[in-house]
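Residue numbers for the sequence shown follow the UniProt record's numbering, beginning at 1 and rising by one.
By construction, the Cβ of each residue, glycine as well, lies at the ideal position given by its N, Cα and C atoms.
Computed from a prediction, not measured in an experiment: that's the story for all the values here.
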Amino acid sequence: MSTENEVLNYSKEERKNHILKEINLHTRVSFETLSAKLGVSEDTVRRDINELDADSLLIKVKGGAMTKGYHYSSSNQTYAVEAKQVIAQKAVGLLHDGMVLIVDGGTTIREFIRLIPNDLNLTVFTITALTAVQLLDKPNIKTIMIGGSISSYSQMCVSGEAFHQLANIKADLLVLGTNALDVDGGYSDSDWETVQVKKAMIQASKKTAVLTITEKLNTVLKMKIASLSEVNYVITEEEPTSGKLATYKSAVPSLVVI
1 MSTENEVLNY SKEERKNHIL KEINLHTRVS FETLSAKLGV SEDTVRRDIN
51 ELDADSLLIK VKGGAMTKGY HYSSSNQTYA VEAKQVIAQK AVGLLHDGMV
101 LIVDGGTTIR EFIRLIPNDL NLTVFTITAL TAVQLLDKPN IKTIMIGGSI
151 SSYSQMCVSG EAFHQLANIK ADLLVLGTNA LDVDGGYSDS DWETVQVKKA
201 MIQASKKTAV LTITEKLNTV LKMKIASLSE VNYVITEEEP TSGKLATYKS
251 AVPSLVVI
């Protein structure tokens, strides 16, 4: 693809700002997704990301880029951290002693783990190495890492071994981070391996809680993980009576919005 006409719609600075917004909002974004959104070639996106990475504004990973806030060395740069702390506090309210959980990864999940009371006895399975490390700070949580090869894009275990282990679990609650949630489009992501393993996580759980800032509502990525009706709880920083959540509650009357 020629790059001669690619800058007609966006200047280089505008492209970079859009890339940063997408990555901060969705944690990780692929070259392919950014290319489609910007109407430019993947080579152009790569060059922009290389420059943003050199300026320490994001972190380049295989196939795309991720927000600095998700990287283990940059926890003080979490996007919308105050909103995520509100969500985390609400999510902790679902927990009780003796529960078996499956816990996802991401910056909102990190805030959730921080707020789990130290005296709460839980068994937690996770496919995300960073989540497992964060859980080690909790003295009464038994942490079980579901193993296999780790994707450099999603930072999750995505091999066949992970699916085999998930098939033998029935957790009380799955706590999921979110890249996109929509009434019609459901819960979605842009990475094939991520989608498949999250589907397996949902199957391995009695109930599913999706944690999301409201900026991610009404957004759809290219691969569907689950319909909204397959989710039991949606937890945002807004009050449950917020107009932003009305269509979600009316679409699935059984959905509990927190």
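Asked: Under the criterion of a Cβ to heavy atom distance below 7 Å, does GLY160 qualify as lining the ligand MN?; Found: Absence of the ligand MN from the depicted structure is noted, as is the absence of any ligand whatsoever, leaving it without description.
Asked: Taking 6 Å as the limit between beta carbons, can you name the residues of its chain near THR208, skipping five residues before and five after?; Found: LEU174, ILE202, VAL231 and ASN232
Asked: Using C-beta distances below 8 Å, list every residue in its chain close to TYR79, excluding the 5 sequence neighbours before and after it, in chain order.; Found: ASN24, LEU25, THR67, GLY69 and THR107
Asked: My parser needs the alpha helix (DSSP H) runs of 4 or more residues fully inside the segment 8 to 53; what are they?; Found: 12 to 26 and 31 to 38
Asked: Apply the 10 Å Cβ neighbour rule to THR131 and answer buried if 16 or more other Cβ atoms are within range, or exposed otherwise.; Found: buried
Asked: Tell me, which residues are paired with ALA226 by DSSP?; Found: TYR187
Asked: So TYR162 packs on GLY177, CB below 8 Å; how close in whole Å?; Found: It is worth fixing the name first, because residue 162 is Ala in this sequence and not Tyr. So it is not a contact: roughly 17 Å between Cβ atoms.
Asked: Is it buried or exposed, ASN179, if we count other Cβ atoms within 10 angstroms and call 16 or more buried?; Found: buried
Asked: By the three-class DSSP mapping on this structure, what secondary structure does THR3 have?; Found: Confidence at THR3 is low in this model, with a pLDDT of 41, below 50, so the placement of that residue is unreliable and no value is reported for it.
Asked: Distance, Cα to Cα, VAL256 vs LEU245?; Found: 11 Å
Asked: Figure out for me which residue from LEU221, ILE258, GLU215 and MET99 has the closest Cα to the Cα of ILE169.; Found: MET99
Asked: In angstroms, rounded to a whole number, what distance separates the CA positions of LYS90 and LEU221?; Found: 26 Å
Asked: Which residues in the same chain as LYS84 place their Cβ atom closer than 7 Å to its Cβ, once the five residues preceding and following it in sequence are excluded?; Found: THR78, THR107, THR108, GLU111 and ILE213
Asked: For ALA226, is the classification buried or exposed, using 16 other Cβ atoms within 10 angstroms of its Cβ as the cut-off for buried?; Found: buried
Asked: Whose C-alpha, out of SER11, THR27 and GLY105, is nearest the C-alpha of ASP48?; Found: SER11
Asked: Flag this pair as yes or no: are the beta carbons of ILE144 and VAL158 separated by less than 8 Å?; Found: no
Asked: What three-state label does DSSP hand ALA251 in the structure shown?; Found: helix
Asked: Please report how far the alpha carbon of GLU32 lies from the alpha carbon of SER190, in whole angstroms.; Found: 9 Å
Asked: According to DSSP, is LEU135 part of a helix, a strand, or is it coil?; Found: helix
Asked: Given GLY39, which residues of its chain have a CB within under 7 Å of its CB, disregarding the five upstream and five downstream residues?; Found: ASN9
Asked: Keeping to the same chain, check which residues put their C-beta closer than 7 Å to that of LEU115; ignore five residues upstream and five downstream.; Found: ALA88, GLN89 and VAL92
Asked: Can you grab the Cα-Cα spacing for the pair PRO240 / ASP43, in whole Å?; Found: 43 Å
Asked: In the DSSP assignment, what residue or residues form a beta bridge with ASP55?; Found: For ASP55, which the question treats as bridged, DSSP gives no partner whatsoever.
Asked: In chain order, what residues of the same chain have a beta carbon less than 6 Å from the beta carbon of SER152, not counting five sequence neighbours either side?; Found: VAL61 and LYS62
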